[in-house]
Amino acid sequence: MALGQAAPEYGYISPARHSSYYDVFPDHSDMFVVWYFVIAISLALDIWYLCGGPGVGYLRSMIPSGSSSVNFKTAEKVETEMEEGTEGIAIITVMDNNSSRVKYKTALTSMECYAIQNKYAYMELNAMDYKSLCAHKDTTFQRHCIVAHILEQGKFAWVLFVDSDIGVVNEKRRLEEFIKEGADIIFYERFFNFEVMAGSYFARRSKFAIKFLRGWADYESRLPPNFHGRDNGAIHMWLTEVLVPGEPLIPTCWRLWRSTVNFESLTRFTLCCREALKKSTSNNIYIYKKGDGWARDSWLTNSYWNPKRDFMFHARKEADKKKFTPPQERSLQGPEYWPWFDTLKTPLNLTMCREGGYFYLEKKRELTNDGVESRTCAYRIRRRSEITHGNKETECAIGVPEEIVDDHSLDAKGNNAA
Numbered sequence: 000m001a002l003g004q005a006a007p008e009y010g011y012i013s014p015a016r017h018s019s020y021y022d023v024f025p026d027h028s029d030m031f032v033v034w035y036f037v038i039a040i041s042l043a044l045d046i047w048y049l050c051g052g053p054g055v056g057y058l059r060s061m062i063p064s065g066s067s068s069v070n071f072k073t074a075e076k077v078e079t080e081m082e083e084g085t086e087g088i089a090i091i092t093v094m095d096n097n098s099s100r101v102k103y104k105t106a107l108t109s110m111e112c113y114a115i116q117n118k119y120a121y122m123e124l125n126a127m128d129y130k131s132l133c134a135h136k137d138t139t140f141q142r143h144c145i146v147a148h149i150l151e152q153g154k155f156a157w158v159l160f161v162d163s164d165i166g167v168v169n170e171k172r173r174l175e176e177f178i179k180e181g182a183d184i185i186f187y188e189r190f191f192n193f194e195v196m197a198g199s200y201f202a203r204r205s206k207f208a209i210k211f212l213r214g215w216a217d218y219e220s221r222l223p224p225n226f227h228g229r230d231n232g233a234i235h236m237w238l239t240e241v242l243v244p245g246e247p248l249i250p251t252c253w254r255l256w257r258s259t260v261n262f263e264s265l266t267r268f269t270l271c272c273r274e275a276l277k278k279s280t281s282n283n284i285y286i287y288k289k290g291d292g293w294a295r296d297s298w299l300t301n302s303y304w305n306p307k308r309d310f311m312f313h314a315r316k317e318a319d320k321k322k323f324t325p326p327q328e329r330s331l332q333g334p335e336y337w338p339w340f341d342t343l344k345t346p347l348n349l350t351m352c353r354e355g356g357y358f359y360l361e362k363k364r365e366l367t368n369d370g371v372e373s374r375t376c377a378y379r380i381r382r383r384s385e386i387t388h389g390n391k392e393t394e395c396a397i398g399v400p401e402e403i404v405d406d407h408s409l410d411a412k413g414n415n416a417a
């Protein structure tokens, strides 16, 4: 299916005095102290830069060739060194120049370890490296242009884009499980609202995917002047214009978008677009239903995860990382939205990841499928009631457990399954 006429035209900005040694160091032995000091400072700065210090554009890349090293290079250098004709999958995240790896250490390291173990290419990109190709002001839009550029290089069959705060919690699952035959772009629904998740998607190396991503990036110039939700708001209108360009609801959705003042009012705009998208017959874009995608927010189950359905967790910023207290450790109902608890048995060691067979997840954080479904179902119903002022579903299919009974799995009612 061709893209709708709403796609904007693509255009990018191609982007004093000298003292002798003897004047300064009359005692020659002092020279060695100074040189050691200079070398130590240089090494410290190098480490800081490699960790994403401000002003430093970097690309962290693991090429799936069995190499045991992780290289920090400019984007241009790594792209020229990529293996020609690679048909695999690349995992890509993009950070702006004011961010750093330290802010997302657990999430990024878990993603990198997962990529190493499964021979996926892995890239951490600094948006500043791509300013000449993608001159967008807002990084949330620029990153989609960057993904389109990577796809255009023809090195990978698929790209999985992820927010920098998305981390792997279940290393047993594979990316290939989520690739739908015939689709060019693959999204998933968020669990706790009605949004299509903008922070992670699969994109195939195809003309449709590249044009779609560039159109999404260029929506930066078409945003309403009020609160708009950045690329997260834009993806819903862009999907609607591309998949159902003649839909009568589009003007109504636009009016709702122009009247939004916060995330709560943005939900009404989102619902309008989702209603319009029900008429789409395109196979180019696939959207996984709630609970079927590759990632979700961990707070829905207090950072507990299910080995059969969970794969990645979103919103894992280091600033929001908490330690379990005894009451929290037994509960499935934790703090909402931002706080999260680590599911790692030990801090990740990339050297061990490269050696293979390093299973780094804390099994005591596992939860049965029914446990996940019951918790998220209850929240889904609550949110629907808040938005529509009515509750069409009277109850979840199963009971809603409120706490972990022991260190093993739970059955459908939240009791000890053993």
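In numbering that gives the first Met the number 0, the protein residues as written are 0 to 417.
Glycine residues also receive a C-beta, built at the ideal position from the N, C-alpha and C atoms.
Note that the structure is predicted; figures quoted are calculated from it, not measured.
Report yes if the CB atom of residue i is closer than 9 Å to the CB atom of residue j, and no otherwise.
| i | j | result |
| --- | --- | --- |
| residue 144 | residue 217 | yes |
| residue 492 | residue 193 | For the chain, the structure presents residues 0 to 417; residue 492 sits outside this window and is missing. |
| residue 181 | residue 109 | no |
| residue 170 | residue 113 | yes |
| residue 173 | residue 117 | yes |
| residue 163 | residue 103 | yes |
| residue 347 | residue 105 | yes |
| residue 185 | residue 287 | yes |
| residue 256 | residue 242 | no |
| residue 215 | residue 234 | yes |
| residue 157 | residue 207 | no |
| residue 232 | residue 248 | no |
| residue 126 | residue 142 | yes |
| residue 352 | residue 88 | no |
| residue 296 | residue 187 | no |
| residue 160 | residue 229 | no |
| residue 259 | residue 267 | yes |
| residue 278 | residue 246 | yes |
| residue 183 | residue 138 | no |
| residue 238 | residue 195 | yes |
Since residue i and residue j should fall inside the 8 Å C-beta cutoff, what is the C-beta to C-beta distance between them, to a whole number of angstroms?
| i | j | result |
| --- | --- | --- |
| residue 147 | residue 213 | 5 Å |
| residue 310 | residue 293 | 5 Å |
| residue 261 | residue 226 | 6 Å |
| residue 219 | residue 136 | 7 Å |
| residue 209 | residue 150 | 5 Å |
| residue 93 | residue 124 | 5 Å |
Give the DSSP-derived three-state secondary structure of residue i in the structure shown.
| i | result |
| --- | --- |
| residue 275 | helix |
| residue 246 | coil |
| residue 188 | strand |
| residue 260 | coil |
| residue 217 | helix |
| residue 227 | coil |
| residue 103 | helix |
| residue 352 | helix |
| residue 295 | strand |
| residue 310 | coil |
| residue 61 | Low local confidence applies: a pLDDT of 30 at residue 61 is under 50, so the model's placement there is unreliable, and no value is given. |
Quick check on the DSSP output: the beta strand (DSSP E) that includes residue i runs from which residue to which?
| i | result |
| --- | --- |
| residue 202 | 199 to 203 |
| residue 94 | 88 to 94 |
| residue 196 | Taken as a continuous stretch (DSSP letters only), residue 196 belongs to no beta strand (DSSP E), as it is neither H nor E. |
| residue 303 | Segment: none, residue 303 is in no beta strand (DSSP E) and carries neither H nor E. |
Practice problem: Scan the region 105 to 185 and note each continuous alpha helix (DSSP H) run of 4 residues or more that stays entirely inside, going in chain order. | Solution: Entirely contained in the region 105 to 185, the alpha helix (DSSP H) runs reaching 4 residues are, in chain order, 138 to 151.
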